[in-house]
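Just below is one structure, and these are the notes that go with it.
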Amino acid sequence: MNFSLWCDYLEKDFINGDFASMIKEGKISGATTNPAIFKTAFESGAYSEQIASLKGKKEAKKIYELLAMNDVKNAAFKLLTNYANGEDGFVSIEVRPELFDDEVGSLDEAKRIFNTIKMPNVMMKIPASEQGYYAMRELVKRGINVNATLVFSLEQAKECLKAFEKGLKSYKKKFPNTKEPECVISVFVSRFDRELEENLKKAGLDHMKYGIYNATSIYYEIETYGLNNVRTLFASTGVKGGKASPDYYIKELAFERSINTAPLDALKAANSINVIAPASKEVIEEYFTKAAAAGINHEKVCAKLFSDGISAFKEAYAQSINALQA
């Protein structure tokens, strides 16, 4: 399967308008969401009537969930032809951030949401943590598609692969000769470059390459592991501050059998994307050796970015709930 582009945004009016058009024109073949995306969508004003009709009847968390699941289901309908034709067609929805460190709670929530939406092309989004690996394995075992998210380190990717492999083995034993659940490992890219910009510049290194080379190393690991139902999804690929073309990270990571989920400005800029070969392992190793010599502790940076990511999603979710309660 060749390189695919997914849309890292959903909103009610957008789904019925530009989103549907982009699918029809072959520009995108999937979509991803997260609490921050839903926060932005809910603030757009497109949901005012729905929210007003639900207030007083349901608590804020239920309103949030209903709106989010409706959007995901509508988007999944729009992508159903892609899915049926084997051209991706997936939409991801994340478990509540407050359940990120609860393995049983995350699993139960993911099963409930998947079974409520009732669309085969929905992916349950689970953060790549110790608790998350358990949920990933158990979801795959039940035939549910999984998006392992907030992956920054090679070790996280390896743990995701182990979880997927164990889950798939159990699934195939119980349901032989059926369609396997599909999984992606969402490797975050641009957050490294923003976090380390000054340090990398002082070291004489291209600060727009750290995230790309880290993601490429993880891509190599995923491809070498050889699970046909698992692909690399490059996430956090928006360019901030006009430091490069909006589609910079799309073009730099357009690898065979990979996916890039990008914000709207990047998708609009990406008119013609050619599949490219990844940087060699030798080039990547040389870059990280120099970065380490400059005092950059890769493991600590990965841990910080994961923690920051969890905190950002918790904050976005809490702000949405507070707004719905107001």
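Residue numbers for the sequence shown follow the numbering used here, so the first one is 6 and each next one is one higher. Using N, Cα and C, we set each Cβ at its ideal position, and we do this for glycine too.
Counting along the chain, where does the beta strand (DSSP E) carrying residue i start and finish?
| i | result |
| --- | --- |
| Ser191 | Cys188 to Phe193 |
| Lys419 | Residue 419 lies beyond the residue range present for the chain, which begins at 6 and ends at 331; the question has no answer from this structure. |
| Ala267 | Ser263 to Ala267 |
| Ile98 | Phe95 to Glu99 |
| Leu10 | Ser9 to Cys12 |
| Ala240 | Val235 to Ala240 |
| Ala25 | That residue, Ala25, is in no beta strand (DSSP E); its alpha helix (DSSP H) goes Ala25 to Lys29. |
| Ala259 | Run containing Ala259: none; DSSP gives neither H nor E here. |
| Ala153 | Asn150 to Val156 |
Count the other C-beta atoms from every protein chain shown that fall within 10 angstroms of the C-beta of residue i, then say buried if there are 16 or more, exposed otherwise.
| i | result |
| --- | --- |
| Ile264 | buried |
| Ile278 | exposed |
| Asn152 | buried |
| Asn21 | exposed |
| Gly247 | exposed |
| Glu70 | buried |
| Lys44 | buried |
| Ser53 | exposed |
| Glu135 | exposed |
| Asn18 | Sequence inspection shows Asp at residue 18; the Asn mentioned does not correspond to that position. It counts as exposed. |
| Glu287 | exposed |
Could you tell me which of the options sits nearest to residue i, measuring between CA atoms?
| i | options | result |
| --- | --- | --- |
| Leu238 | Leu85, Ser191 and Thr229 | Ser191 |
| Ala41 | Ile326, Gly216 and Gln330 | Ile326 |
| Ala51 | Ala317, Ser316, Glu16 and Ile223 | Glu16 |
| Gln324 | Ala65, Phe24 and Ala25 | Ala65 |
| Tyr139 | Ala168, Gly209 and Phe193 | Ala168 |
| Met124 | Arg101, Phe82, Leu144 and Ala115 | Phe82 |
| Ile33 | Asn150, Lys319, Ile149 and Ala80 | Ala80 |
| Gly31 | Lys62, Asn39 and Asn90 | Asn90 |
| Ala46 | Gly35, Ala57, Ala73 and Gly61 | Ala73 |
| Glu103 | Val96, Ala299 and Ser111 | Ser111 |
| Lys29 | Ser316, Asn39, Ser312 and Glu92 | Glu92 |
| Ser285 | Tyr254, Gln55, Tyr225 and Ala249 | Tyr225 |
| Ala240 | Ala299, Asp270 and Thr154 | Thr154 |
| Ser250 | Ala271, Lys62, Arg262 and Gly61 | Ala271 |
| Ile149 | Leu166, Asp18, Tyr322 and Leu173 | Leu173 |
| Lys214 | Phe24, Ile223, Tyr292 and Ile255 | Tyr292 |
| Arg236 | Asp106, Ile223, Arg262 and Lys245 | Arg262 |
| Ile227 | Lys245, Tyr254, Val189 and Phe180 | Val189 |
| Leu144 | Glu187, Asp106 and Ser134 | Glu187 |
| Thr266 | Ala25, Ser26, Gly35 and Asp23 | Gly35 |
| Leu232 | Leu166, Phe193 and Ile289 | Leu166 |
| Asp106 | Ile56, Ile315 and Glu320 | Ile315 |
Please report the residue range of the alpha helix (DSSP H) in which residue i lies.
| i | result |
| --- | --- |
| Glu70 | Ala65 to Lys83 |
| Leu166 | Leu159 to Lys179 |
| Glu290 | Lys286 to Ala298 |
| Thr121 | Glu108 to Ile122 |
| Phe43 | Pro40 to Phe47 |
| Arg142 | Glu135 to Lys146 |
| Ala317 | His303 to Gln330 |
| Ala220 | Tyr215 to Tyr230 |
| Glu54 | Ser53 to Leu59 |
Leaving aside the five residues before and after residue i along the sequence, list all residues of the same chain whose C-beta is less than 6 Å from its C-beta, in chain order.
| i | result |
| --- | --- |
| Lys171 | Arg142 |
| Ile281 | Ala259 |
| Glu185 | Asn234 |
| Gly137 | Ile131 |
| Leu310 | Phe157 and Arg196 |
| Leu59 | Ile68 |
| Lys206 | His212 |
| Asn182 | none |
| Lys146 | Gly172, Ser175 and Tyr176 |
| Ile87 | Looking at the sequence shown, residue 87 is not Ile but Asn. Only Ser34, Asp93 and Gly94 meet the Cβ criterion. |
| Val299 | It should be noted that the sequence gives Ala, not Val, for residue 299. So the qualifying residues of the chain are Ala208. |
| Ile223 | Leu159, Ala162 and Val192 |
Here's a check: name, in chain order, each residue in its chain whose Cβ is nearer than 7 Å to the Cβ of residue i, leaving out the five neighbours to either side.
| i | result |
| --- | --- |
| Ile301 | Leu201 and Asn204 |
| Ala295 | Here the sequence assigns Lys to residue 295, which means Ala is not the residue at that position. Ala208 and Leu210, listed in sequence order. |
| Pro268 | Asp13, Tyr14 and Gly243 |
| Glu114 | Val100, Arg101 and Leu104 |
| Ser49 | Glu16 |
| Phe318 | Asn39, Pro40, Ala41 and Pro102 |
| Lys163 | Glu226 |
| Arg85 | Here residue 85 is Leu; the residue named in the question, Arg, does not match the sequence. Only Gly94 and Asn126 meet the Cβ criterion. |
Short of 8 Å in beta carbon distance, which residues of its chain neighbour residue i, apart from the five on each side in sequence? Order them along the chain.
| i | result |
| --- | --- |
| Ile98 | Thr38, Ala73, Met74, Val77, Ile118, Ile122, Val127, Met128, Met129 and Lys130 |
TODO: Decide if the stretch 291 to 307 is in contact with the stretch 194 to 213; the criterion is three or more beta carbon pairs, one per stretch, under 8 Å apart.
DONE: yes
Open item on the list: Taking 8 Å as the cut-off, does the stretch 218 to 230 touch the stretch 154 to 167 (at least 3 CB pairs, one atom from each stretch)?
Closed with: yes
Open item on the list: Check whether the stretch 7 to 15 and the stretch 269 to 289 are in contact - that is, three or more C-beta pairs closer than 8 Å.
Closed with: yes
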